[in-house]
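Residue numbers (this note's numbering): 4 to 118.
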């Protein structure tokens, strides 16, 4: 059974998934902006969201068909991030990805790279 804090983190990651799969970045913005237990590696949450939205739009322009999620923990990852990779039906590499790490005190940290 999930506790209230665990379910809060689960809701945030599900909102991310829904935002990407349904092409609705505003779904994720709602949870990103109001939650105090969400951090980013960007200067602020709005800058992260702007980059997230632009990268999402770009990924859909370059994708073939619908995206699907594969959560991976690469062997080269040394910082404790889980990689949320969104693949299309054709390409070998993900069309969109975001890294998520759970910090102490049930805080999620989001990171994205520009490639």
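We put the CB at the ideal spot given by N, CA and C, even for glycine.
Since the structure is predicted, the reported quantities are computational estimates derived from the model, not experimental observations.
Determine, using beta carbons only, whether residue 97 and residue 88 come nearer to each other than 7 Å. yes
Between the Cα of residue 107 and those of 51, 41, 14, spot the shortest distance and give me the residue it belongs to. 41
Taking 6 Å as the cut-off, is the C-beta of residue 103 nearer than that to any heavy atom in the ligand GTP? With respect to small molecules bound, the structure shown includes none, and the ligand GTP cannot be examined in it.
Who pairs with residue 59 in a beta bridge, going by DSSP? None; residue 59 has no bridge partner.
Determine whether the beta carbon atoms of residue 59 and residue 48 lie at a separation below 7 Å. no
Given a threshold of 16 other Cβ atoms within 10 Å of its Cβ, counted over all protein chains shown, does residue 79 qualify as buried or as exposed? exposed
Can you give, in chain order, each stretch of the beta strand (DSSP E) that sits fully within the stretch 9–44 and has at least 3 residues? 41–43
For the beta strand (DSSP E) containing residue 72, name the first residue and the last one. 71–75
Measure the C-alpha to C-alpha separation of residue 27 and residue 44 and round it to an integer number of angstroms. 22 Å
How is the beta strand (DSSP E) around residue 105 delimited, first residue to last? 99–106
Candidates 116, 30, 52, 74: which alpha carbon is nearest residue 90's? 74
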